[in-house]
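According to my numbering, the sequence shown is numbered sequentially starting from 873. Just below is one structure, and these are the notes that go with it.
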Amino acid sequence: MDDAAELERTYRREATRIRAALAARIGDVGLAEEAVQEAFVEALEHWRAEGMPPSPGGWLATTAWRKAVDRLRRDRTGQEKLTLLAAAQPPAVQDASPGMPGGWGSRDDADELLSLIFACCHPSLPRDSQIALTLRVVCGLTTAEISAAFLASEPAMGQRLSRARKALRDAGAAVRIPEPDQLGGRLDEVLAVIYLMFNEGYLASAGRTPARRDLAAQAVALSRLLQTLMPGEPEVLGLLALMLLHESRAATRFDGWGRLVRLADQDRTLWNRALIGEATRLLSRAMAMRRPGPYQIQAAIAAVHAAARRYPDTDWRQIRALYDRLLLFTPSPVVRLNRAVATRFVIGPQEALDEVEPLAGDLGDYRLFHAVRAELLTGLGRHDQASVANERALALAANPAERELLARRLAL
């Protein structure tokens, strides 16, 4: 067999679940991450010689457990924890089932993964470290990929991740879902990392595959679980509605060649109307609570797109008004960039470009800034400048499908 390719597929399918199950038992996110990594290295050696075992997930979970216990035995400070673990059993991880959302086999899997996210979002960590650690431990991104997303050097990101692991260990951060009265204090961070996880699955920031459907499905499942834990939180409903609206278009986002299809060109008859209906009901429930927030507003924007039977029928005035409201909650350059896209259709490309140009200082290294600017310049007939902007967007893009789309635009 192609050992490296098969192991990579297994890693994508199993690693996050095993990390979550192991971290929940040993109470140490960093040790769980290291043990799982070592287990996969050992798998590459053994499976090449002996072939893949009947239950790869179970083999990896047991091996990772053994690695973690061995590490604790060697560490003098781990003796007390070993005593607590004496009666514990290795994680009973079943192999991922293609029929389950995200490859999960049970509600316990979702509980453990949500526990891992709460641990990564521990208040002892600054927000950037929470996000970076989640990308590493939950999403399985490499340090190089995370450093690229943060526009930081790989050594600096490695140090940040090491400090985050140590801070969690020093704080004795429990790998569990907090008690109900403690959920709200960490909700903003948890919602942010779940949406980050979804976005990484929806359009991967790097790697050979343009999308990670497993990550997107896991994020939706986690959001559903969070909804059951916090049914009275409108932003939880808003985030779930937002992700379901994006998911409703998943089947049309890539063509048969794996090329990215723009929203304007998607076949809307293939959009999943059941998901759109569920999302609309969730959003209505959230709005009835009269506690608006950024996820609810973003879901409302996605709902306006979903309501248009054809791209030219899109209610851009309503979308622009919703972006105005979103700016009250999230006054970021990226939101202003998205508002400018709506401005193009409501007023015109020159007015939109006037909104975009002042964002260069904040978004000069953001690929979508240059892609939007290229479209506006094309609309104004300034094709040479548009080509330069497209080339800059292409240079900054890491996703293969996104790069192909930008290259196609340059070739026109």
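All residues carry an ideal CB built from backbone N, CA and C; glycine is no exception. Computed from a predicted structure; not experimentally measured.
DSSP three-state call for residue i: helix, strand or coil?
i     : result
L1132 : strand
F1217 : helix
A959  : Caution applies to A959, whose pLDDT of 49 falls short of 50 and renders its modelled position unreliable; the value that the coordinates give is listed next. A959: coil per DSSP, three-state reduction.
F1126 : strand
N1271 : coil
I1049 : coil
A1083 : coil
A1193 : helix
V1176 : helix
W931  : helix
W1143 : coil
T1014 : coil
S1120 : coil
P1205 : helix
E886  : helix
R1096 : helix
L1112 : helix
Going by the CB atoms, is the gap between residue j and residue i shorter than 9 Å?
i     : j     : result
E1286 : L1147 : What the structure shows of the chain is the stretch from 873 to 1284, and residue 1286 is not part of that stretch, so it cannot be assessed.
L1277 : L1132 : yes
R1211 : D1226 : no
V1218 : R1245 : no
R1037 : E905  : yes
P926  : W919  : no
Y1067 : L1097 : no
L1268 : A1279 : no
L1194 : Y1238 : no
S996  : A1039 : yes
R1116 : L1154 : According to the sequence displayed, residue 1116 carries Leu and not Arg. Result yes, Cβ atoms of L1116 and L1154 sit closer than 9 Å.
R889  : D981  : yes
R1162 : N1144 : no
A1123 : A1151 : no
Could you check which residue in the options has the C-alpha nearest to that of residue i?
i     : options                    : result
D1086 : L1252, A1158, F1070, N1210 : F1070
L1240 : E1107, P1205, A1016        : P1205
A1064 : A1091, D942, W937          : A1091
I989  : S1019, R891, P925          : R891
P1203 : G1251, A1178, P1166, T1186 : P1166
R1084 : R1281, K939, A1273         : A1273
E880  : L916, R889, I898           : L916
A1214 : T1186, A1270, R999         : T1186
I1173 : R1275, C1011, D1000, L1199 : L1199
A991  : L1055, A1178, R946         : L1055
R938  : L997, G923, F912, E1017    : F912
C1011 : Y883, G1104, E922, E1061   : Y883
G1149 : D1234, Q1138, V1176, A1123 : V1176
R1125 : A1043, C993, I898, L1075   : L1075
L1101 : Q1002, W1129, V1062, V941  : V1062
N1271 : N1144, A1122, P1082, R1162 : P1082
A994  : A1045, E1026, D1053        : Note on identity: in this sequence residue 994 is His, with Ala being the wrong assignment. Per the Cα distances, A1045.
G1130 : G1236, R1275, A1232, F1201 : R1275
F1022 : D1256, L1235, R1254        : L1235
With a CB to CB cut of under 7 Å and the five nearest residues on each side skipped, what residues in its chain are close to residue i?
i     : result
L1033 : A1004, L1005, R1008, T1015
E984  : A892, A893, A896
D900  : R1041
E914  : T935
E886  : P928, G929, L932, A968
P1338 : Missing from the structure shown is residue 1338; the chain here goes from 873 to 1284 and no further.
A1261 : H1242, R1245, A1246, L1249
L1112 : S1095, R1096, Q1099, L1154
R1264 : H1242
Given residue i, which residues of its chain have a CB within under 8 Å of its CB, disregarding the five upstream and five downstream residues?
i     : result
R1182 : R1140
R943  : L903, E906, A907, G950
A1028 : S1019
R1192 : R1211, A1214, T1215, V1218
L1252 : P1221, Q1222, L1225
Q1170 : G1110, L1114, L1198
Excluding the 5 residues preceding and the 5 following residue i in the sequence, name in chain order all residues of the same chain whose CB lies nearer than 6 Å to its CB.
i     : result
A1158 : P1106, L1109, G1110, Q1168
L1013 : L1007
S987  : A896, V1047, R1048, I1049
P970  : Reliability of the predicted coordinates at P970 is poor, the pLDDT of 37 falling under 50, and the value obtained from them is presented with this limitation in mind. Once the five neighbours on either side are set aside, P970 has no close Cβ partner at all.
A1024 : none
G1057 : none
D1258 : One point to set straight first is that residue 1258 is Ala, not Asp, in the sequence displayed. For A1258, where only same-chain residues beyond five positions count, the Cβ hits under 6 Å are A1246, L1249, T1250.
L1282 : N1262
A1285 : Residue 1285 lies beyond the stretch modelled for the chain, which goes from 873 to 1284, so this question has no answer here.
A1088 : F1070, G1073, Y1074
E878  : none
V1207 : L1198, L1199
Under 9 Å between C-beta atoms, does residue i make it to chain D?
i     : result
P1272 : In summary, chain D is missing from the structure at hand, where a single protein chain is found.
Return yes when the C-beta of residue i is under 8 Å from any heavy atom of the ligand GDP, and no when it is not.
i     : result
N1144 : In the structure shown, the ligand GDP is absent, as is every other ligand, since no ligand is present at all.
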